[in-house]
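Sequence positions in the sequence shown follow my numbering and run 1114 to 1248. All C-beta atoms in this analysis are idealised placements derived from N, C-alpha and C, irrespective of residue type, glycine included. Presented below is the structure to which this report refers.
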Amino acid sequence: MEADLNEAVNTANDALFHLQKADEILGHAENWGFVDLFAGGMITTMIKRSKMSDAKREIEQAKRSMQRLSGYLQDFRNMPNMTVDMNGFLGFADYFFDGVVADWFVQTKINDARRQVKDAISEVQGILDGLEEMQ
């Protein structure tokens, strides 16, 4: 039982690490998004999208950790749903119709993803606090 508890704590810490990293990277993407909105061009768009890709990788790592964590916790039913969906038409529009409307839509997606990540951080932190009390 103690080994499972320790593993759950380690897994929660891993998820939290990746979520916090994703939040940090999305903050950078958000900043580049503002630059892109008001004075950007192709280079700014490329930097912003690179940050978004980095954040997506961190979110995927966090999701894997949260899935492992759910195996340790019977009552962890409401797994946060986080997405950074920048593929398809919106990604195309961000590059090829590089204008205020496309940039604004992308900025909205970044803000939504960051809010979801912050919500997940709060949820995982609450679970981690509960696990640490049990140790």
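Test item: CB-CB of residue 1157 and residue 1167 under 7 angstroms: Not a contact, by the Cβ cut-off of 7 angstroms.
Local conformation of residue 1129 per DSSP, three classes: If DSSP states are grouped into helix, strand and coil, residue 1129 belongs with the helices.
C-beta contact flag for residue 1237 and residue 1128 at 7 angstroms: Yes, the pair counts as a contact, with Cβ atoms nearer than the cut-off.
Whether residue 1142 touches residue 1223 by CB criterion (7 angstroms): Yes; because the gap between Cβ atoms is below 7 angstroms, this pair is in contact.
Nearest candidate by alpha-carbon position, reference residue 1179, set 1115, 1125, 1244 and 1248: Ranked by Cα distance from residue 1179, the options 1115, 1125, 1244 and 1248 are led by 1125.
CB-CB length for residue 1175 against residue 1135, believed under 8 angstroms: Cβ atoms of residue 1175 and residue 1135 come within 8 angstroms of each other, at about 6 angstroms.
Whole-angstrom distance between residue 1159 and residue 1133, CA atom to CA atom: Between residue 1133 and residue 1159, the C-alpha separation is close to 23 angstroms.
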